[in-house]
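Remarks on the structure that follows.
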Amino acid sequence: MVNDIESGEYSLLKDFRVEIEEEEEGTTFSLCFWVYLISSSTSFPATIIQQVHSDSVGSAPFLVLDEKKRMMLLPLLLLHKEAPDPENSTSWLEAPHASVEIEFPYEKWIHVGCEISADFVRLNIDGEIVGEKSLSSLINKDSPAGSFGKLALANIGGHCDSLQGYVHNVEVLPPALSIKDHWGKDVPLKLSIDNSSASEIEVGDDGVWSIVGGKASCRRNFSLDVVLLNASGQPVNKDVEVVASLLYADNGTLVENTTDAEAPLLASYDGIEYASCERPSKMLQGRASFKLKISQLSSKCDNRLFRIRFHMLKSGSYPFFEAFSPPIRCISRGRNARGSSLMWKRSTSTFHPVNISQSSRVDEGSLELEHSSIYEARPYSSSKRVRSGHYKLSTTSETDPKLERPDEECNSHPWTVNQVENEFGRSLEGRPENLEEADDSLSDSESTEERNSPFKSISSGESPISDVTIFKYSLSALTERSFMLKEIAMSASDNELSEFAHQVSLYSGCSHHRHQISIAKRLIEEGTKAWSLISQNNHYIRWEKAVFEIEEYFMKIAHCSSRSLTQQDFELLRSIAGCQEYLAQENFEKMWCWLYPVAFTLSRDWINELWSSTSPKWIEGFITKEEAESSLQGPRGLQEPGTFILRFPTSRSWPHPDAGNLIVTYVGSDYTLHHRLISLDQIYGSSSSEMNVKPLQDMLMVEPELSRLGRIIRSH
Numbered sequence: 001m002v003n004d005i006e007s008g009e010y011s012l013l014k015d016f017r018v019e020i021e022e023e024e025e026g027t028t029f030s031l032c033f034w035v036y037l038i039s040s041s042t043s044f045p046a047t048i049i050q051q052v053h054s055d056s057v058g059s060a061p062f063l064v065l066d067e068k069k070r071m072m073l074l075p076l077l078l079l080h081k082e083a084p085d086p087e088n089s090t091s092w093l094e095a096p097h098a099s100v101e102i103e104f105p106y107e108k109w110i111h112v113g114c115e116i117s118a119d120f121v122r123l124n125i126d127g128e129i130v131g132e133k134s135l136s137s138l139i140n141k142d143s144p145a146g147s148f149g150k151l152a153l154a155n156i157g158g159h160c161d162s163l164q165g166y167v168h169n170v171e172v173l174p175p176a177l178s179i180k181d182h183w184g185k186d187v188p189l190k191l192s193i194d195n196s197s198a199s200e201i202e203v204g205d206d207g208v209w210s211i212v213g214g215k216a217s218c219r220r221n222f223s224l225d226v227v228l229l230n231a232s233g234q235p236v237n238k239d240v241e242v243v244a245s246l247l248y249a250d251n252g253t254l255v256e257n258t259t260d261a262e263a264p265l266l267a268s269y270d271g272i273e274y275a276s277c278e279r280p281s282k283m284l285q286g287r288a289s290f291k292l293k294i295s296q297l298s299s300k301c302d303n304r305l306f307r308i309r310f311h312m313l314k315s316g317s318y319p320f321f322e323a324f325s326p327p328i329r330c331i332s333r334g335r336n337a338r339g340s341s342l343m344w345k346r347s348t349s350t351f352h353p354v355n356i357s358q359s360s361r362v363d364e365g366s367l368e369l370e371h372s373s374i375y376e377a378r379p380y381s382s383s384k385r386v387r388s389g390h391y392k393l394s395t396t397s398e399t400d401p402k403l404e405r406p407d408e409e410c411n412s413h414p415w416t417v418n419q420v421e422n423e424f425g426r427s428l429e430g431r432p433e434n435l436e437e438a439d440d441s442l443s444d445s446e447s448t449e450e451r452n453s454p455f456k457s458i459s460s461g462e463s464p465i466s467d468v469t470i471f472k473y474s475l476s477a478l479t480e481r482s483f484m485l486k487e488i489a490m491s492a493s494d495n496e497l498s499e500f501a502h503q504v505s506l507y508s509g510c511s512h513h514r515h516q517i518s519i520a521k522r523l524i525e526e527g528t529k530a531w532s533l534i535s536q537n538n539h540y541i542r543w544e545k546a547v548f549e550i551e552e553y554f555m556k557i558a559h560c561s562s563r564s565l566t567q568q569d570f571e572l573l574r575s576i577a578g579c580q581e582y583l584a585q586e587n588f589e590k591m592w593c594w595l596y597p598v599a600f601t602l603s604r605d606w607i608n609e610l611w612s613s614t615s616p617k618w619i620e621g622f623i624t625k626e627e628a629e630s631s632l633q634g635p636r637g638l639q640e641p642g643t644f645i646l647r648f649p650t651s652r653s654w655p656h657p658d659a660g661n662l663i664v665t666y667v668g669s670d671y672t673l674h675h676r677l678i679s680l681d682q683i684y685g686s687s688s689s690e691m692n693v694k695p696l697q698d699m700l701m702v703e704p705e706l707s708r709l710g711r712i713i714r715s716h
């Protein structure tokens, strides 16, 4: 993780000054910088940068905002014939220039690149050319080589009506360096509110938030997340804390304590309320989450509106390191919101920028192979609770509409080893099952154990992770689990994570979560190291360069030096990452949380052999469901019944319990295609159990419905 933000990285626009001395090789250079303008009472047109020469030529505007707030880049004195007259303060208005056609935005980081050559000036915004103007070189007896000598580019405002703002990473580049490369390096940051994370906030037609507050018995929790983003909108992982405070919307002063001396804004942690100023929230993967309450009513403050200010501690008093909510009206419980039109509640399907991509489609059933002693068979039970001491095959029908929901987990019925061997085909085709009934129903023999043992075990344990956290994780959707697990894994030891996994399994009645929790710490640590190595502190990197490091990490984690990734494998990874030519951190994280569980699965001895095998090639690589189906289609229709292909499901990413598992896509005896998930997490239980397990290929080939390994056919 990157340390606290250095305050020296940012400076005031009024202090901007760069000195350039022409070198013998020519007059071409590029001035690059990031600028953040603050809304003020400035009159336009306004000069951003003035060009000042060391000799007695004088000065003239270099970079300005015109009357419509459009940026203009002007010719250079002593270099271009068309340069403005320094003796005439308005001559620049008629000078040819390069400009952008849209209004320059305020309170947003914008990258500016000014290319200067003897023949042209070129304006770049955010790495792209937006304006260019051809010019004539200035060649005369006073300047025979078109030289500009020693030049200073500076902001010479400083008045109250001058442009106000900040600059970052100011640099003069030689011709050999690209402005686009400068744009991608050392990108500035900005704190923002993630409105998609808001819950229990009512939004009026006028944009004012209505929040129920007041006395302890009446006020409600509402949730908000703030995100630290770079100028390209990507989350940035910094070791900083964010604190929230309540201000008056009209003048920005702090709201007073209530008549009971209670802080106006409260932060809620594990059901306990604290003054928000005393409980900052730590950034995790570029995001800080707040659960807040307001104790002060607007009606008690002359009906004034409030506003919440979030600001980063120990990061300097910069406006881009603070974020403000819209105006807030705090009302009592019995009072209706004024003109309300929308109620924000936290969505379980919200996709956060730093979060792992979860597919919206789940098309597979599940086939689970659990190991202890393969000779021991147990009676059938309808409970979803996992028991050790037997193999079990568990399937859910492909026709069940609930399989389309990405958050469905661990909902199928267990089968004993004898039923696996004797009724594999019938179970694969099985009737549609009610997944909700499978979740809720308990057999008579297990109902008491299910209802009592988890709570008893959790309450009597000595885990440093609270019971509330365990319950919340067990009941949350995948997106929320991802954030929680990242936060827990950063501070917990391996033993604490193992205990947490155990408690979650007990409480949820399902052990499928155990494996994803156990690998969380390594997944995050290895992913952080990998991205640091790949990016070299750049915001993005070309995909073609990143694939070499990705492959190296994959082979290292998978413990396989004999098989490298193919071009088709990389194309699927790029599709999962959601990137094109360039790979950003967000894209890498999406890909990593799919790839790491796969690599970890392949590192197990009993499946590493399958991956390394080339004759036959049990696992041909990373393929999609569509590719598998297409490969099982012969010239006259489907191939022979029993033909199957193994693949990793692209719809399962960490921390989904099935991430890293395998899919069997096969032609059934009814000449239709079937997809079944092989849940491998139970085999991860211990090294001793892994040593005694049958090879997966042996398990597959004894099944009546599987008789022949298929091949992947790709169209070129």
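Just so we're aligned: 292 in UniProt numbering is position 292 of the sequence shown, and the numbers increase by one with no gaps anywhere.
Glycine included, each C-beta is placed from N, C-alpha and C at the ideal position.
Boundaries of the alpha helix (DSSP H) in which K521 is found, first to last residue
Looking at the DSSP string, the run of the alpha helix (DSSP H) that includes K521 is A520 to S535.
Problem - One or two residues paired with C301 in a DSSP bridge - result: According to DSSP, which records beta bridges pairwise, C301 is partnered with nothing at all.
- Would DSSP call M72 helix, strand or coil? Reduced to three states, the DSSP call for M72 is strand.
Spatial distance of S532 from K14 (CA atoms): It is roughly 34 Å from the alpha-carbon of S532 to the alpha-carbon of K14.
Practice item. Measure the CB-CB distance between V167 and L191 and report whether it falls below 8 Å. Key: Not closer than 8 Å, so no.
Exercise. When you compare only the Cα positions, how much space is there between V63 and Q50?
Worked result: Val is not the amino acid found at residue 63; the sequence shown has Leu there. Computed Cα separation, rounded: 7 Å.
Checklist entry - Since N230 and V187 are thought to touch, with beta carbons under 8 Å apart, how far apart are those beta carbons, to the nearest angstrom? => result The Cβ separation is near 4 Å, so the contact holds.
ask   = Is T601 helix, strand or coil when you go by DSSP?
value = Of the three classes helix, strand and coil, the one that applies to T601 here is helix, per DSSP.
To the nearest angstrom, how far is the alpha carbon of L700 from that of T643? C-alpha of L700 to C-alpha of T643: approximately 11 Å in a straight line.
| Taking just the CA atoms, how far does T528 sit from F588? | Whole-angstrom Cα-Cα distance: 10 Å.
>> Under 8 Å: do the segment 662-672 and the segment 637-652 share three or more Cβ pairs, one atom per stretch?
In response: Touching, per the Cβ criterion.
If I'm right that L74 touches F44 with Cβ under 8 Å, what's the distance once you round it to whole angstroms?
With 8 Å as the limit, L74 and F44 do not qualify as a contact, their Cβ atoms being about 16 Å apart.
Q. Does the distance from the C-beta atom of residue 723 to that of Q639 stay below 8 Å?
A. With the chain covering 1 to 716 only, the question about residue 723 has no answer from this structure.
Contacts around A520, its chain only, beta-carbon distance under 6 Å, and the 5 residues preceding and following it disregarded = If we look at A520 and ignore the five residues flanking it on each side, its Cβ neighbours are L485 and A489.
For this session: Whole angstroms is fine: what's the gap from S325's alpha carbon to I517's?
Result: Per the coordinates, the alpha-carbon of S325 lies some 35 Å from the alpha-carbon of I517.
Margin query: Is the separation between the beta-carbon of R220 and that of S295 shorter than 8 Å?
Written below: With contacts defined by Cβ atoms closer than 8 Å, R220 and S295 do not form a contacting pair.
- Query: Should L254 be labelled buried (16 or more other beta-carbon atoms within 10 Å of its own) or exposed?
  - Reply: Around the beta-carbon of L254, fewer than 16 other beta-carbon atoms lie within 10 Å, marking it exposed.
DSSP three-state assignment for Y274, whether helix, strand or coil: Assignment of Y274 by DSSP, reduced to helix, strand and coil, places it in the strand class.
Alpha carbon to alpha carbon, how far is I308 from S498? Give it in angstroms, no decimals.
-> Between the alpha carbons of S498 and I308 lies a gap of roughly 39 Å.
Kindly give me the distance between the Cβ atoms of G465 and F500, rounded to whole angstroms, as I take these residues to be in contact under 8 Å. For the sequence presented, residue 465 should be read as Ile rather than Gly. Taking 8 Å as the upper bound for CB-CB distance, I465 and F500 are in contact here, some 5 Å apart.
| message | So, at 6 Å on beta carbons, what are the nonlocal neighbours of L572 in its own chain, with the 5 sequence-adjacent residues on each side left out? | response | Excluding residues within five positions, the ones whose Cβ falls inside 6 Å are F622.
Would F120 and E132 be called neighbours here (beta carbons separated by less than 8 Å)? Against a cut-off of 8 Å, the Cβ pair of E132 and F120 comes out as a contact.
Length of the line joining the Cα atoms of L173 and I125 = The alpha-carbon atoms of L173 and I125 are separated by roughly 16 Å.
(request) Assign N537 to one of two classes, buried (16 or more other C-beta atoms within 10 Å of its C-beta) or exposed (fewer than that). (result) It counts as exposed.
message = Taking the beta strand (DSSP E) that residue 723 belongs to, which residues open and close that run?
response = No answer is possible for residue 723: it lies beyond the span of the chain, which begins at 1 and ends at 716.
Where does I102 sit, in a helix, a strand or coil, going by DSSP? In the structure shown, I102 adopts coil according to DSSP, grouped into three states.
Return the bridge partner residues of A288 from the DSSP annotation. Answer is V226.
field: Residues near E629 by beta carbon distance below 6 Å, same chain, minus five either side
entry: L673, listed in sequence order.
Q.
Using a Cβ-Cβ cutoff of less than 8 Å, which residues in the same chain neighbour G165 once the five nearest sequence positions on both sides are dropped?
A. These residues qualify, in order along the chain: L12, L13, V35, Y36, L37 and I38.
Roughly how many whole angstroms lie between the Cα atoms of E421 and E705? Legend: pLDDT at E421 = 34, less than 50; position of this residue unreliable, value from coordinates given subsequently. As the crow flies, the alpha-carbon of E421 is around 10 Å from that of E705.
Residues near D250 in its chain [Cβ-Cβ closer than 6 Å; skip 5 each side]: Spatial neighbours of D250 in its own chain (CB-CB distance under 6 Å, excluding positions within 5 residues in sequence) are not present.
- Task: Locate the alpha helix (DSSP H) running through K486, then write down its first and last residues.
- Result: Residues L478 to S491.
Going by alpha carbons, who is nearest to W611 out of F554, S30, I541 and K108? Of F554, S30, I541 and K108, the smallest CA-CA separation from W611 is found for F554.
*Range of the contiguous alpha helix (DSSP H) that encloses V468*: First-last of the alpha helix (DSSP H) with V468: D467 to L475.
- For D205, does the count of other Cβ atoms within 10 angstroms reach 16, so buried, or fall short, so exposed? When all chains shown are included, D205 counts as exposed.
What separation, rounded to the nearest whole angstrom, lies between the Cα atoms of Q285 and I193?
Per the coordinates, the alpha-carbon of Q285 lies some 15 Å from the alpha-carbon of I193.
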